[in-house]
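Student:
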Amino acid sequence: MLSHISRGLVAVALFASALAAPVADGHSVFKRGFLDGVTLKNITLPYRGSLPLFPSLKSSPPDSACKILQANYTYVPGETEYATEQNRYYSILNGNDKPRCFITPTSGLEVSLAIQTLALTKERFRVKSGGHNHNANVSSVSDGIVISLERFAGVVYDAKTKTAEVGPGQAWIDVVRALAPYGVAPVGGRFGDVGVGGFLLGGGISFRSNQFGWGASNVVSYKMVLPDGTIVTASADENCDLLDVLKGAGNAQFGVVYSFTLKVYPQTSQIWGGTVNYPLSAGDDILKATQAYTKYNTDPKAHVFTIYTSIPLNNLGLWVVGLFYDAPTPPPNVFENFTKIANISDGVKTQSYTDLVASLIFKTEGTSGDWCSELLPIPKDANAISPLKYLVDTLEKTQAPYVNSFVSSSFVLHTVSKSLMLKQAKQRGGDVYDLNPNFDYYIWQYTFTALNDPALQGTTRKLLADATQTGRQMYLNLAANGTLPGPWQGLYHLPLYSNYVCIGQGEQDLVGRLSIAKQAQVKLAKLKYDPKGLFTKQSLSYKL
Ligand SMILES: Cc1cc2nc3c(=O)[nH]c(=O)nc-3n(C[C@H](O)[C@H](O)[C@H](O)COP(=O)(O)OP(=O)(O)OC[C@H]3O[C@@H](n4cnc5c(N)ncnc54)[C@H](O)[C@@H]3O)c2cc1C
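The sequence shown begins at 0 in numbering that gives the first Met the number 0 and counts up one residue at a time.
And the structure:
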């Protein structure tokens, strides 16, 4: 009986592949509406709220989805492609998992078949786009199934609408390279190997965010498969309640997105950018320069990120600052506070945008690690850097017992200015973060990493949780006494940035930290689009 059904499913899947419309580069994009509600050999697809494909399997324990869906797009242990899939992760905390199989669909219908099959088999599963999220098990799972979207890797530019349809399963450098010949670029990841899907569903901080908001601010439509297998579009015209929540809370919550249509913008052939390394002693100057930049910079073409990193196996640390200007040369005053600090090495230069993004790719074979992040409103006084120094000290103290070990750590400041990035994001329709436009913010992030030793995972995770909690408590104390903006100054919610939140272990409550209105919006959307809680029960989902 099962093998009969399996064969039937394979036939449906192959038929669906054939119907998927090929585009120039060979990437298949399922055309919405093409199959909606039609009958394929007595099987009606899609049919919200039931499992029309497997009516006779409902009552008995079924085989694994790997067996039911066996086809040329399912890889099982022992196959070369399976091993290749395992290597396509940023962190070994995902790559070392041993899923029952990787399902690699090529069309919306194949994603739908996979989701409906998983609903039936009740197996745990994960969705993977670029596999670049650091946190353990977010896009992989042992003894479960991974839906890997790597075959959704097309880029189709529409010069008329100045939009590009992009697949989630590729890295941003691929999108940048594909669009460069048209003289346009996306609002995509700063680091070339970051995946498209996770980045956009969590928000997405780009070199161009001061000009155009989050990456997600520029998504005009999403094609996706809902938890019941229905294929839908979310845009301003269709399912707009879904569109709203996908902008920030989209990671593995409401279904599987297999295509994004993005606004893209003209890109000068040359930009100015790169990273500068500074000694530990430059810390105060760098923090002051970062704070002044975030508060006072009015030039949307400028972008800065700041990193403090400890180096394993010695007692050294390093400051790294990323500087970007969206033109061949910046005006003299924009980065002056940084360029006047004595550095160790300076890699900033005039180059193509593609070269910059490609240069920011770091191979991390054998690395395990986790990260957490918090938001921090910036104090009124630009020189008041003591909260930042406290965060750096906390990291150093936490790391101290592990000097001379393979444990390393970093502290990153991502800047969110109210007059530039926030304004642009709001003008483009807003997002779940709904940040108060009266404040500038840092997204500060701790990462603890253990080189070549997954056994240290418990240690790094504990260090991370402790340090993050200490940093969070600092903010609560300073907000309570009025030193930092908080409820006394009209700041009532301080959300977490989804792309750097600790996920997978429930350490940080993404939804609970949204504004009351946005919490309600996300919860209502969850009830509407995943009423049976498929993603909550079987996949990774934020607390609701
Ligand atoms: C070195 C480095 C640099 C980075 N730089 C930046 C940066 O410049 N700006 C920034 O904002 N972030 C940055 N990040 C963070 C990055 O945005 C997130 O890790 C993001 O999740 C990566 O996207 P991905 O496609 O690789 O996600 P994955 O690791 O594949 O998935 C992450 C999560 O999203 C879910 N998900 C992924 N795709 C889909 C989909 N199509 N449908 C439904 N759910 C999905 C997964 O199930 C998983 O829970 C960086 C990370 C690293 C390690």
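Using N, Cα and C, we set each Cβ at its ideal position, and we do this for glycine too.
In chain order, what residues of the same chain lie with their CB nearer than 7 Å to the CB of Leu523, ignoring the 5 residues before and after it?
Tutor: Correct list: empty, nothing qualifies.
Student: If we ignore side chains and look at the alpha-carbon of each, how far apart do Ser280 and Met420 end up?
Tutor: One C-alpha to the other measures close to 31 Å.
Student: Inspect the beta-carbon positions of Arg123 and Val145 and report whether they are closer than 8 Å.
Tutor: Taking 8 Å as the Cβ cut-off, Arg123 and Val145 do not qualify as a contacting pair.
Student: Taking all protein chains shown into account, decide if Leu315 is buried (16 or more other Cβ within 10 angstroms of its Cβ) or exposed.
Tutor: It is exposed - the Cβ of Leu315 has fewer than 16 other Cβ atoms within 10 Å.
Student: Examine ligand 1 and report whether any of its heavy atoms sits within less than 7 Å of the Cβ of Ile343.
Tutor: It does not: the Cβ of Ile343 is nowhere closer than 7 Å to a heavy atom of ligand 1.
Student: With DSSP as the reference, label Glu237 as helix, strand or coil.
Tutor: In the structure shown, Glu237 sits in coil (DSSP, three-state: anything other than H, G, I, E or B).
Student: Assign Cys65 to buried or exposed, taking buried as 16 or more other Cβ atoms, counted over all protein chains shown, within 10 Å of its Cβ.
Tutor: It counts as buried.
Student: So, at 8 Å on beta carbons, what are the nonlocal neighbours of Ser351 in its own chain, with the 5 sequence-adjacent residues on each side left out?
Tutor: Answer for Ser351: Ala179, Ser268, Gln269, Ile270, listed in chain order.
Student: Within 7 Å: the Cβ of Gly188 and any heavy atom of ligand 1?
Tutor: At least one heavy atom of ligand 1 is nearer than 7 Å to the Cβ of Gly188, so yes.
Student: Would you kindly work out how many angstroms separate the C-alpha atoms of Asp430 and Val218, rounded to a whole number?
Tutor: So the alpha carbons of these two residues sit roughly 11 Å apart.
Student: Please indicate yes or no: does the CB of Tyr401 lie closer than 7 Å to some heavy atom of ligand 1?
Tutor: Because no heavy atom of ligand 1 lies under 7 Å away, the Cβ of Tyr401 does not count as near it: no.
Student: Quick one: Cα of Gly201 to Cα of Tyr264, how far?
Tutor: Roughly 21 Å separates the two Cα atoms.
Student: Is Leu148 near ligand 1, in the sense that its beta carbon is under 7 Å from a heavy atom of that ligand?
Tutor: Yes, the Cβ of Leu148 comes within 7 Å of a heavy atom of ligand 1.
Student: By how many angstroms is the C-alpha of Val500 removed from the C-alpha of Thr469?
Tutor: So the two alpha carbons sit approximately 16 Å from each other.
Student: Val193 and His131 look like a contact to me (Cβ under 8 Å); what is the Cβ gap, rounded to whole Å?
Tutor: With a Cβ gap of about 5 Å, Val193 and His131 count as contacting.
Student: If I follow the unbroken beta strand (DSSP E) through Trp171, where does it start and stop?
Tutor: Where Trp171 is concerned, there is no enclosing beta strand (DSSP E), although the alpha helix (DSSP H) it sits in stretches over 171-178.
Student: Would you say the beta carbon of Phe361 is closer than 7 Å to some non-hydrogen atom of ligand 1?
Tutor: Yes - ligand 1 has a heavy atom lying nearer than 7 Å to the Cβ of Phe361.
Student: Looking only at C-alpha atoms, which of Val256, Asp439, Ala288 sits nearest to Ser544?
Tutor: The requested residue 544 does not occur in the structure, where the chain is confined to residues 0 to 543.
Student: Do you know how far the Cα of Val402 is from the Cα of Asp392?
Tutor: Spanning the two alpha carbons is a distance of roughly 15 Å.
Student: Within the continuous beta strand (DSSP E) that includes Arg125, where are the two ends?
Tutor: Residues 124-127.
Student: Could you tell me which of Gly77, Ser138, Asp62 sits nearest to Arg87, measuring between CA atoms?
Tutor: Residue Ser138 is the option with its Cα nearest to Arg87.
Student: How about Pro167: is its Cβ closer than 7 Å to a heavy atom in ligand 1?
Tutor: Correct: Pro167 has its Cβ closer than 7 Å to ligand 1.
Student: Taking DSSP as the reference, what is the three-state secondary structure of Glu164?
Tutor: Glu164: strand per DSSP, three-state reduction.
Student: Nearest-angstrom Cα distance between Thr38 and Gly187?
Tutor: Low confidence applies to Thr38: its pLDDT is 28, below 50, so where it sits in the model is not reliable enough to give any reading.
Student: Output the distance between the C-alpha atoms of Ile310 and Ala516, rounded to the nearest integer angstrom.
Tutor: Each residue's alpha carbon lies about 43 Å from the other.
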